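For the sequence shown, the numbering used here begins at 114 and goes up steadily by one.
Just so you know, even glycine gets a beta-carbon here, dropped at the ideal spot from N, CA and C.
Quantities reported herein were computed from a predicted structural model and do not represent experimental measurements.
For reference, the structure is listed below as structure tokens.
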Amino acid sequence: MCFFASLFCFVGMIINNDFKVISSEARNFGLGEATYYVVMVASAVVCQINVLGAIGVIFCATSLFSGIVIALMVPVTEVLAVIFYRETFKAEKGVSVVLSIWGFVSYFYGEYKQAKKIKRNCILKNELPLKHIIQNP
114 MCFFASLFCF VGMIINNDFK VISSEARNFG LGEATYYVVM VASAVVCQIN
164 VLGAIGVIFC ATSLFSGIVI ALMVPVTEVL AVIFYRETFK AEKGVSVVLS
214 IWGFVSYFYG EYKQAKKIKR NCILKNELPL KHIIQNP
């Protein structure tokens with residue numbers, strides 16, 4: 114899946130002649146040309162690790178849980194951007210953070226209730242009814 118997504122982007126960049134623009138962007142990068150290429154490669158590696166981690170969560174748990182974890186990364190990214198990049202925390206970011214955390218908490222609350230119900234049903238099934246107990250005379 115990752116290979117075909119990368120291939121799709123690669124073909125699109127070839128058709129649009131985007132590879133020619135990379136060198137001019139590197140020259141105009143404020144922190145230097147070498148830093149630009151390091152940032153580009155590091156971003157690609159981190160993105161691939163992120164996708165691989167999401168696929169691992171799907172494999173070990175469920176796709177729903179993977180979606181919840183990905184949704185939780187939205188507020189984490191926004192808060193880190195405010196801390197490290199000194200971005201302003203506007204109302205849109207606040208709403209996004211609240212909704213993402215609400216979804217995350219709702220998922221785990223639903224899992225907690227479902228586990229509690231399953232445990233209660235399991236206990237009730239394992240108990241013998243009183244009429245089946247044999248009494249000694």
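Apply the 10 Å Cβ neighbour rule to Ser176 and answer buried if 16 or more other Cβ atoms are within range, or exposed otherwise. Its Cβ having fewer than 16 others within 10 Å, Ser176 is exposed.
Counting only runs of 4+ residues fully inside the region 204–239, write out the alpha helix (DSSP H) ranges in chain order. Taking 4 residues as the minimum length, the alpha helix (DSSP H) runs contained wholly in the region 204–239 are 204–239, in order along the chain.
Could you check if Ser156 is buried or exposed, using at least 16 other CB atoms within 10 Å of its CB as the buried criterion? The Cβ neighbour count for Ser156, taken over all protein chains shown within 10 Å, is under 16; the residue is labelled exposed.
Given Glu191, which residues of its chain have a CB within under 7 Å of its CB, disregarding the five upstream and five downstream residues? The answer, listed in chain order, is Lys206, Ser209 and Val210.
Three-state secondary structure assigned by DSSP to Ala157: In this structure, Ala157 counts as helix in the three-state DSSP scheme.
State yes or no: is the C-beta of Val187 within less than 8 Å of the C-beta of Ser213? Contact: yes.
Which of the three DSSP states is assigned to Glu138 in this structure? Assigned with DSSP and collapsed to three states, Glu138 falls in helix.
Identify, in the order they occur along the chain, each residue of the same chain with its Cβ nearer than 8 Å to the Cβ of Met126, setting aside the five sequence neighbours on each side. Closer than 8 Å at the Cβ level, and outside the excluded window around Met126, lie Phe132.
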